[in-house]
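Numbering (my numbering), first residue to last: 228 to 957. Encoded as structure tokens, the structure appears first; notes follow it.
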Ligand code: ADP
Ligand code: ZN
Ligand code: ZN
């Protein structure tokens, strides 16, 4: 009789353990392979992690695997290692971490896509002069395609229309001459023109690329440090080209794909047919196909947002993390991972170079570059010879503002417009007004579920909570005393209205999360901005992202003061980053342009540093402060959060957790519990405990012991406990 074999399997359950199963003689699953198995009273999907000789369960009670789902492993061995580390480091159940690495359809047991059946892209294709009968479903399909102004996959079409169109139905419409189909690319619009040869590189760029490629096969981390427009992207692309030419795969991580459509276009033009793109804007089927194309190496360059990091890439040779300072790399719920940090770890596991690029690197990254743990590559000059813009402050104590705008700001805008250039006005608050209030009795429109004011959205005549989404119709008069209400504070919509009064004949656009909600809206806005001459764009931090606009003469920043005095650990750093990233939009085509910041505190050290214009010099004092207080990068932090439906029970649970943490703490400071900065969100109360240590290991020990305790003594079901290792907001 052949020897019995057993495997240890990861399952999508919030339990910190794996499960052992017996393999029937005909099944020999390998690590990384998906299997079906009985679990409790149901059937579920698991991923094999390893074979074991002796199962952890008595062999009489052990159950047998059901079936293999795929003929081969879908996850590679190095990726499994990365996932094991991720689960340990972030104190998250391994099964959830592993299953989470798969696209949702595969997690549920769907088959891999058949690479021989290409996905189609559909577009409307009707002659106007040929009237015919068109049913309502067909009409809705055609309207959606026309509105999208780009061919769509069936999945994307169904996302837009909610019609649940089947392929056969679309094919019938094509046969009637209503639609046309073309083969789809992999989550990426295929460019019509060829990218052509790359630009001649500057010596600095050539050196940077040579260094990176020289480390092929070694786990070297680079900081590619250069102001906006210094040619970092060109370095990524050329390094990627060389890595691809050697037969390797390349992973480029970007913070938010939806906000940077120009970058996708630039990459896919440079590497036609080789790019797979993975991001949350894709329909489920598109996502699965892009993932699988990357996994099979069909498309060797994967461009994606943070979760793309977990894609199996068997020949991976290079990882690039663009805008490494962007907080979007940190997942804020569930598994609280940081994609940049895990990218570096993946580089170690798979022995390959990792490039972190930014004009405004995080203090963590800069520290490591300064201490020599990362290689510091600098791009000092812009290839087009332009210089970064001068930064000046407008003192709002001297120059009063009306609806957010001071007279000198308006003057500077007039000058800029007169030169035929554009003004970018940045205000990091969307909506119309910050709050609706009654001067008579002091009533304020608050969210009934959160500790937050409702934001006024005048255009749709509603008040909205930006934390939980609660909305209600806008009222004109106070519900308490009946007096007329007043709009307090300025949001982008109000600023837009004010600007249209000051500049009635100038093209004016608004760019924020509300204005780009519709699919394709951001692309259209960006095109309009690039095409217009003199004009004004008002928007939130979306304006500061890596868009490339040739005619920006003035960047006006309306309100930074809250960032100067926030208690958040990273507020100062992030304010600097935002201002400098926004400043980077100015003066790209040979003319330096100007940055004007309205502030009531021009003498604040951060403001003085901004005027001096040197990011490296600005962060020096911030690093000193962190060193003195033992904060990252000189110390390690974790947050334990407890949230529940009632304030007392939540607080009691948090206190018990804190006691437990203190019991296990060795060289770890345990602070709290204290109410989270937003104590109540969406009717749940939140307490948090901060752990700080000068050594990573002790922090993890304390967390691990405490976690064991709470798994043995689980809290009531309606209370949630979560751990955030290396939190970025406190
Ligand atoms: P970054 O990513 O640092 O903002 P980019 O790589 O996007 O910089 O370069 C900024 C602009 O300069 C782009 O329009 C790019 O095409 C151009 N550029 C980059 N490198 C060169 C070069 N060596 N010669 C000429 N133009 C260049
Ligand atoms: Zn009132
Ligand atoms: Zn709310």
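Backbone N, C-alpha and C fix where the C-beta goes; we use that ideal spot for every residue, glycine too.
Query, Result
"Do you know offhand how far residue 595's Cα is from residue 833's?", "23 Å"
"Need the endpoints of the beta strand (DSSP E) that residue 900 sits in, please.", "896-908"
"Please name the residue in 305, 300, 295, 267 whose C-alpha comes closest to that of residue 288.", "267"
"For residue 232, I'd like the list of residues in its chain whose CB is within less than 8 Å of its CB, leaving aside the five on either flank, ordered along the chain.", "249, 250, 255, 278"
"Could you work out which residue in 295, 252, 273, 510 is closest to residue 244 when comparing CA atoms only?", "273"
"Starting from residue 966, trace the alpha helix (DSSP H) in both directions and tell me its first and last residue.", "As shown, the chain starts at 228 and ends at 957. That puts residue 966 outside it, with no answer to give."
"Whole angstroms are fine: how far does the CA of residue 887 sit from the CA of residue 652?", "50 Å"
"I'd like the list of long-range same chain contacts for residue 383, defined as Cβ closer than 7 Å, with 5 residues on each side in sequence excluded.", "510, 513"
"Using DSSP's beta-bridge definition, name the partner residues of residue 869.", "914, 948"
"Quick check on residue 391: buried or exposed, where buried means 16 or more other Cβ atoms within 10 Å of its Cβ?", "exposed"
"Count the C-beta pairs between the segment 320-332 and the segment 233-241 that are closer than 8 Å, then say yes if the count reaches three, no if not.", "yes"
"Give me the Cα-Cα distance between residue 804 and residue 688, rounded to the nearest whole angstrom.", "34 Å"
"Within the same chain, show all residues whose beta-carbon is closer than 8 Å to that of residue 931, passing over the 5 residues directly before and after it, in chain order.", "318"
"Taking only three categories from DSSP, how would you classify residue 852?", "helix"
"Under 7 Å from any heavy atom of ligand 2, does the C-beta of residue 667 make it?", "yes"
"Using a threshold of 8 Å, state whether the C-beta atoms of residue 348 and residue 380 are closer than that.", "yes"
"According to DSSP, is residue 349 helix, strand or coil?", "strand"
"What I want to know is whether the C-beta of residue 786 ends up closer than 7 Å to one or more non-hydrogen atoms of ligand 1.", "no"
"Using only CA atoms, which one of 503, 546, 839 lies nearest to residue 582?", "546"
"Is the beta carbon of residue 543 less than 8 Å from the beta carbon of residue 474?", "no"
"Around the C-beta of residue 915, are 16 or more other C-beta atoms found within 10 angstroms, so that it is buried, or is it exposed?", "buried"
"Among 584, 453, 692, 330, which residue has its Cα nearest to the Cα of residue 680?", "692"
"I need the straight-line Cα distance from residue 590 to residue 715, nearest angstrom please.", "35 Å"
"Using a Cβ-Cβ cut-off of 6 Å (strictly less than) and excluding sequence neighbours within five positions of residue 423, which residues of its own chain qualify?", "Unreliable positioning characterises residue 423 in this predicted model, as indicated by a pLDDT of 49, which lies under 50. A coordinate reading is not provided."
"Cβ of residue 250 versus every heavy atom of ligand 3: is any distance shorter than 7 Å?", "no"
"Report the three-state DSSP secondary structure of residue 246 (helix, strand or coil).", "strand"
"Under DSSP, the alpha helix (DSSP H) around residue 923 begins and ends at which residues?", "923-939"
"Less than 8 Å between C-beta atoms, sequence neighbours within five positions excluded: which residues of the same chain meet that for residue 948?", "867, 868, 869, 880, 884, 937, 942"
"Judging by CA-CA distance, which residue of 496, 523, 740, 451 is the nearest neighbour of residue 766?", "740"
"Hey, out of 309, 747, 912, 757, whose CA is closest to residue 373's CA?", "747"
"Taking contact to mean 3 or more Cβ pairs, one atom from each stretch, closer than 8 Å, check whether the segment 776-785 and the segment 806-820 are in contact.", "yes"
"May I ask you to list the residues that DSSP assigns as paired with residue 736?", "764"
"With DSSP collapsed to three states, give me the class of residue 652.", "strand"
"So does residue 663 have its beta carbon nearer than 7 Å to some heavy atom of ligand 3?", "no"
"Can you tell me which residues form a DSSP beta bridge with residue 408?", "349"
"Measure the CB-CB distance between residue 678 and residue 905 and report whether it falls below 8 Å.", "yes"
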